[in-house]
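Each position in the sequence shown, counted from 1, maps to that position plus 40 in the working numbering. All C-beta atoms in this analysis are idealised placements derived from N, C-alpha and C, irrespective of residue type, glycine included.
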Amino acid sequence: MFKNISKSSGQIAKVLLALAVVVLVAILIAYIVIKRAEKPPQPVPEGPIEPLPMYETTLGDIKFMFLEATDKGSILSGKDSSQPDWQKDLYTTERFIELIIGAQNVGKENTLQKIWDVGEIIDSEGREFISSGQEVANWLPQYQDNLCGSILRPSFEPSPCKKIYEVAKISTGLKVRVFIYDKAYSEKILEEALLDIKLMP
Numbered sequence: 041m042f043k044n045i046s047k048s049s050g051q052i053a054k055v056l057l058a059l060a061v062v063v064l065v066a067i068l069i070a071y072i073v074i075k076r077a078e079k080p081p082q083p084v085p086e087g088p089i090e091p092l093p094m095y096e097t098t099l100g101d102i103k104f105m106f107l108e109a110t111d112k113g114s115i116l117s118g119k120d121s122s123q124p125d126w127q128k129d130l131y132t133t134e135r136f137i138e139l140i141i142g143a144q145n146v147g148k149e150n151t152l153q154k155i156w157d158v159g160e161i162i163d164s165e166g167r168e169f170i171s172s173g174q175e176v177a178n179w180l181p182q183y184q185d186n187l188c189g190s191i192l193r194p195s196f197e198p199s200p201c202k203k204i205y206e207v208a209k210i211s212t213g214l215k216v217r218v219f220i221y222d223k224a225y226s227e228k229i230l231e232e233a234l235l236d237i238k239l240m241p
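What follows is the structure, given as C-alpha cells:
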C-alpha cells in the first residue's frame with residue numbers, strides 16, 4: 041500500500057513539474073510576442089528643433105492674423121495704382137512686398153482708434169524694413185478700406201491692414217511686428233509679437 045502512495049506521489053510531482061514547465065514556456069512566448077508588437081522608440085532628432093510658423097497671435101483683446109503677402113518684384117506699375125491715368129511706375133533696386141494683416145476684437149467692448157498697428161518686417165538676420173510712406177499711397181486702399189489702427193468692434197470680421205514694404209532681395213525668414221499701444225494715439229507700446237510671413241510670388 042505504501043508503495044502505491046509513493047508511486048502516485050512521484051507521478052503527481054512529475055505532472056506538476058511538467059505543468060510548471062508548460063506554464064513557463066507559455067509566459068516566455070507571450071512576453072516575446074508582446075515585445076515584438078511594441079513600436080520601437082522614436083529616434084531623437086539631432087540639432088535644434090525648428091519652431092512651427094506662427095501666423096496668428098492675441099495681444100490684449102486684439103487677435104492679429106497673417107492674411108496675405110505678395111512679392112511685387114522691383115516695380116509697382118502705375119496702371120495698378122488708384123490713379124492709373126497719371127501715376128508713373130515706382131522702382132526699387134530690391135523688391136516690394138505687399139502685406140495684409142487682419143485684426144479682430146476678441147473682447148467685449150469697442151477698441152479705441154489707433155490702439156493697434158502693424159510695424160516693420162524683420163528678416164532672419166535681424167534686418168528691419170519699415171513700411172513705405174507717401175510714395176506708395178496710390179497702391180494702397182483708400183482710408184475707408186485700409187483699416188490699419190481702426191476701431192475694432194467685438195466679434196466683427198477681421199479688419200484688414202495693408203502695407204507695402206521695400207525689402208532686400210536676399211532677405212529670408214520674414215516676420216512682421218504687430219503691437220498694441222498703452223492708450224490711443226500713444227507711442228508707448230504695451231505688447232508686441234512677431235508673425236511669420238508666407239510670401240506668394
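Candidates the options: which alpha carbon is nearest residue i's?
i, options, result
"C188", "V146, F104, T98 and L64", "F104"
"L239", "G147, E134 and L107", "L107"
"R193", "E78, K128, D101 and A70", "D101"
"S164", "E134, L59, F136 and L234", "L234"
"A177", "A109, L116, I237 and K209", "L116"
"K140", "E168, W156 and A109", "Before going on, a small fix: residue 140 reads as Ile here, not Lys. It is A109."
"G142", "G87, P93, L99 and P200", "P200"
"V146", "D157, E160 and T97", "T97"
"E90", "E232, D222 and G213", "G213"
"T132", "V61, V207 and L59", "V207"
"Q174", "L130, R217 and N150", "L130"
"F196", "R217, E78 and N150", "N150"
"R217", "Y95, F136 and W126", "Y95"
"A77", "G87, L57 and I69", "I69"
Which whole-angstrom value describes the C-beta separation of residue i and residue j, a residue pair presumed to lie in contact below a C-beta threshold of 8 Å?
i, j, result
"F219", "I229", "5 Å"
"K202", "E134", "So it is not a contact: roughly 20 Å between Cβ atoms."
"K215", "D236", "6 Å"
"G113", "K128", "Going by Cβ atoms, the distance from G113 to K128 rounds to 16 Å, so no, they are not a contact pair."
"Q144", "P198", "4 Å"
Looking only at its own chain, which residues have a Cβ that is under 8 Å from the Cβ of residue i, when we skip the five neighbours before and after it?
i, result
"Q153", "G189, S190, I191, A224 and Y225"
"F42", "Per-residue confidence for F42 stands at a pLDDT of 47, beneath the threshold of 50, marking its modelled position as unreliable; the derived number appears in the next sentence. Here the set comprises nothing."
"Q182", "S122"
"Y221", "K154, I155, W156, D157, E227, K228, I229 and L230"
Against chain C, with Cβ distances strictly below 8 Å, would residue i count as a contact?
i, result
"I220", "Of the protein chains in the structure, only one exists, and it is not chain C."
Looking only at its own chain, which residues have a Cβ that is under 7 Å from the Cβ of residue i, when we skip the five neighbours before and after it?
i, result
"W179", "L116, D120, S121 and I204"
"P241", "D111"
"K148", "P194"
"S211", "D163 and R167"
"S172", "I204, Y205 and E206"
"P124", "G118"
"L59", "none"
Using DSSP bridges, identify the partner residues of residue i.
i, result
"C201", "I141"
"T29", "An answer regarding residue 29 cannot be provided, because it is not within the stretch 41 to 241 covered by the chain."
"I115", "Y131"
"Y95", "Its beta-bridge partners do not exist; DSSP assigns none."
"Y221", "I229"
"V252", "Here the chain comprises residues numbered 41 to 241, so residue 252 is not present and cannot be evaluated."
"L235", "V216"
"I161", "F169 and V216"
"W156", "I220"
"I102", "L99 and N145"
What does a CB cutoff of less than 6 Å around residue i pick up in its chain, not counting 5 residues either side in sequence?
i, result
"I170", "E160"
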